[in-house]
Structures are given as structure tokens and as C-alpha cells.
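The numbering of the sequence shown is the working numbering, which starts it at 9 and goes up by one.
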Amino acid sequence: MHTGFFTIPRYILAERIAEVFPEKMNRVLFTIGGSMANEAALKIAMINRPDAHNFIALFGAYHGTSFLMTGATHMATYAYEKWLGPAQIAHHSYNFMRVPPPYYYRPYTEVSNPANADEVDNNALKALETQIKYGSTGPVCAMLMEPLQGSGGQLIFSKKYLQGVRDICTKYNIILIWDCIQTAFGRMGTWSASEYYGVTPDIMTVSKCIAAGFPLSAVIISDDIEGMKMNGMDLHTYGNNQLSQIVALKQMEVFKRDGIFENVKKVGRYLGDELVKIQKRYPVMGDIRAIGFHIGIEFVKDPATKEPDFEGCAKMRVVGFKNGIIFGDGGVCGGKNVLKIKPPLITTQKEADMILEKYLTCLAEVYGKN
Ligand SMILES: Cc1ncc(COP(=O)(O)O)c(C=O)c1O
């Protein structure tokens with residue numbers, strides 16, 4: 009039953025998502041995965057801004073590797089200045105401009121005091137507006153960004169920055185798309201980052217956590233803009249996967265029934281706090297960025313110089329496998345020096361202790377016993 013069929017699970021799931029998402033987010037398009045959801049979101053943006061052909065993404069962005077997404081995905085994330093992988097075909101997907109996000113630990117733009125998050129935010133917002141006003145070859149159609157940049161360094165943004173981007177997009181009539189593929193549902197202890205921050209974009213794309221690992225993604229569209237027409241503009245054989253939709257429905261029920269988001273908030277806070285304690289013994293953990301079960305640790309050779317420790321982070325991953333724990337990795341300063349801890353949403357405090365114990369074992373193996 010491809011996207012062209014009016015099947016029942018699709019309607020029930022769309023209704024349930026609209027119930028838990030912010031007020032105006034009431035229309036849902038289902039598709040196959042993260043890349044396809046982002047592509048559909050950009051198509052919707054183009055329906056709404058037919059005269060505009062330029063897009064904006066952030067430095068270090070990861071939005072997938074489908075043909076168009078190789079343009080949205082910032083190559084440094086993927087190829088780390090070596091211009092490998094999608095970089096080899098990205099020149100076909102033109103029209104993406106990139107702007108610096110606020111990276112409080114190592115700001116992209118000069119600041120008088122890096123500890124001053126306000127100044128970092130202001131600079132990032134200024135860079136965005138300057139790009140729109142003076143750096144674009146035409147009107148900007150859409151801005152595609154993650155509200156918490158996962159693979160690109162596990163960067164947490166302030167509400168001030170996210171609201172500022174929202175305001176700039178409104179001012180210049182730019183469709184704001186939040187790629188919530190990693191953040192929704194539940195990884196931040198909320199249905200979406202929009203609920204967490206109280207800021208609402210025009211479109212949200214969701215995937216990874218929505219159907220418990222079954223293939224499904226959704227594009228959630230504000231009532232304020234035009235949605236996709238049923239005219240074949242976005243039609244996929246497996247885009248209307250009913251089994252996945254039924255799994256998603258059941259999982260939504262379980263999330264509520266078992267208080268899963270409360271668990272993510274509580275155990276996530278515990279993990280974050282414990283990591284901060286460990287950081288005192290291991291200053292190579294330069295920065296810890298954690299919301300719920302969306303956790304990143306930036307490794308540095310020396311906290312004073314903040315020189316990234318790519319080798320140490322890579323070793324942590326390898327010894328992690330040996331010790332029975334899978335860490336992710338990412339980063340934005342020329343390599344992967346951010347270790348990611350993303351446990352299942354049902355992880356208990358006891359299991360969090362197991363994670364911490366294994367993490368400490370890995371630290372001792374890579375950096376010595378402290
Ligand atoms: C933020 C983000 N967007 C998009 C994607 C692409 O999703 P997919 O691999 O399902 O195409 C990913 C995948 O890791 C992601 O993390």
C-alpha cells in the first residue's frame with residue numbers, strides 16, 4: 009500500500025501525532041527514512057515559496073545522504089576536510105548555503121568572552137541575517153537545521169538562539185524546518201524539541217525513535233503553510249508502511265503508559281550529573297553536553313588549550329566495543345572528538361550505573377587510571 013492509498017493506521021497515527029505535537033502542527037506526511045523526510049520537507053517549502061530556490065543549513069549539519077541531502081549535510085561532518093563520501097557528489101545538489109551555529113565551547117566567531125553564551129548567540133544570529141541579506145544569490149526558501157545538532161558535535165543550542173532563528177525566518181518569509189530525526193520522540197524527554205524549548209518551526213521531520221526501529225519517518229506540517237498535494241509529488245512504494253505505523257501507535261501508547269519520558273528525564277539527569285563528577289578526575293572530558301538521553305562528551309588533549317583529541321575519542325569507541333558498550337561519535341572541529349552516549353529510552357538507573365562503570369573502564373584503558 010504505497011503513499012497513494014488512504015489506509016487506516018496512517019490516519020490514526022497522524023491524528024495521535026497531531027494530538028501530542030504543538031498546537032498548529034496538525035498535518036503529517038509519512039515516508040521512508042530521515043533523508044526522504046527532509047527531502048519532502050524541502051519540497052513543501054518550495055510549494056510555499058515557489059519564487060525562492062536557496063536553502064540554508066548549519067556548519068557541521070548532518071541531514072542524510074540521499075542525493076539532495078548530500079548538499080544539506082555539511083561535508084566536514086562526514087568527510088572531515090578530506091572531501092570523501094557524499095562530498096564527491098555534493099556539487100550536484102547546489103543551492104545550500106551554510107551559516108555557523110552557536111558552539112559555546114569553541115565559538116566559530118570571535119567573542120570577547122567564550123563563556124558569554126549570549127554573545128555567541130548574538131554572533132550566530134547576526135551571521136544568519138547577514139547571509140540572508142547580503143550573501144544569497146536569490147530569495148531564501150527554507151532553513152533546515154537540527155534543534156540539537158547530533159552528529160555534528162552534539163551541540164545544544166539555547167532557547168534564545170532557536171527563538172532568534174524563528175524570528176529571522178518569519179521576518180524574511182523563510183520556511184523553518186527542524187530536523188528532529190534524532191531528537192523525537194522522547195530522546196530529550198519530550199515528544200519533540202519544540203515541546204522542550206517552546207519554539208515551533210513550520211515543519212518538523214521525525215524518524216529514528218518513532219517506530220521502535222521499524223522503518224518510518226514523518227513530516228509534520230504547520231497549519232500556517234501549504235502541505236503536500238496528493239499528486240505524486242512525494243510517493244514511495246514503502247512510504248506508507250502500515251506495520252511500522254501500527255508499531256509507532258503501540259509505542260506511543262507505551263510511552264504514556266509506562267512514563268518513559270519521565271524516565272528519560274530522570275535517568276538522563278543522573279547520567280549527566282555523574283559524568284560531570286567523572287570529568288573532575290578526567291579533565292580530557294573537555295565539555296559534556298547532555299539533555300535527557302542525548303549525551304555527548306567532547307574529548308580534548310588539554311582543557312586549557314582545548315586541542316581536540318581525535319585519537320583518544322576513537323580509542324574510547326574501540327575499547328567500548330571490547331567492553332560491551334556501543335558509543336557513537338561525532339564532532340565538528342576537523343574530526344570526531346565527541347563521544348556520544350545514547351541509551352535506549354527504557355534504560356533504568358541501575359543500567360545507567362552499568363553504562364557509567366563501562367565508561368570508566370574504557371577511560372582507564374585509554375587515559376590511565378585516575
Ligand atoms: C539528524 C539526522 N537527519 C537525517 C538523518 C538521515 O536519516 P536516514 O539515514 O534515515 O536517511 C539522520 C541519520 O542519522 C540524522 O541523524
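Just so you know, even glycine gets a beta-carbon here, dropped at the ideal spot from N, CA and C.
This one's a predicted model, so the numbers in the text were calculated from it and none came from an experiment.
Whole-angstrom distance between residue j and residue i, CA atom to CA atom
i, j, result
"Y367", "K330", "12 Å"
"N34", "P352", "28 Å"
"S166", "D129", "8 Å"
"I40", "G235", "18 Å"
"F222", "Q162", "24 Å"
"R325", "I334", "7 Å"
"D210", "K377", "49 Å"
"V255", "E365", "33 Å"
"K288", "I305", "13 Å"
"I286", "E137", "40 Å"
"C341", "G93", "18 Å"
"G42", "T213", "7 Å"
"G267", "K358", "17 Å"
Closest residue to residue i among the options (Cα-Cα distance)
i, options, result
"F63", "T73, S74, G79, F75", "G79"
"Y113", "A312, A322, W186", "A312"
"N103", "H10, W186, P109, T81", "T81"
"G339", "G294, C370, L371", "G294"
"P115", "S101, M105, N131, H100", "N131"
"E282", "K90, Y19, I303, N271", "I303"
"P17", "A219, L170, S230", "A219"
"S215", "I182, A372, Q253", "Q253"
"S101", "W91, E89, L76", "L76"
"G158", "N46, Y70, V36", "Y70"
Contacts around residue i, its chain only, beta-carbon distance under 8 Å, and the 5 residues preceding and following it disregarded
i, result
"I363", "L279, I333, I349, P351, T355"
"G320", "V292, F307, K309, N345, V374, Y375"
"A322", "D337, K344"
"N121", "E127"
"A206", "Going by the sequence as given, residue 206 is Gly instead of Ala. The residues are K167."
Presumed contact (8 Å Cβ cut-off) between residue i and residue j, rounded CB distance
i, j, result
"F38", "I228", "10 Å between Cβ atoms; not a contact."
"G72", "L243", "Not quite, the Cβ-Cβ distance comes to about 19 Å (not below 8 Å), so this is no contact."
"V284", "A360", "The pair is not a contact, with the Cβ atoms about 14 Å apart (cut-off 8 Å)."
"V107", "A135", "5 Å"
Beta-carbon proximity list for residue i, same chain, < 7 Å, skipping 5 on both sides
i, result
"G336", "K348, K350"
"E31", "none"
"T15", "M9, N248, Q250"
"V119", "E127, V128, N131"
"I20", "L257"
Beta-carbon contacts of residue i that lie in its chain and below 6 Å, excluding the five residues immediately before and after
i, result
"I233", "N56, D210"
"T198", "Y204"
"Y246", "I40"
Handout entry: Segment contact flag, the region 133-149 with the region 52-61, C-beta cutoff 8 Å, min 3 pairs
Key = Yes, they touch.
Problem - Three or more C-beta pairs below 8 Å linking the region 293-302 and the region 185-204 - result: Yes, they touch.
Exercise for the section: Evaluate contact between the region 151-161 and the region 174-187, counting only Cβ atoms and requiring at least three cross-stretch pairs below 8 Å. Expected result: Segments in contact, yes.
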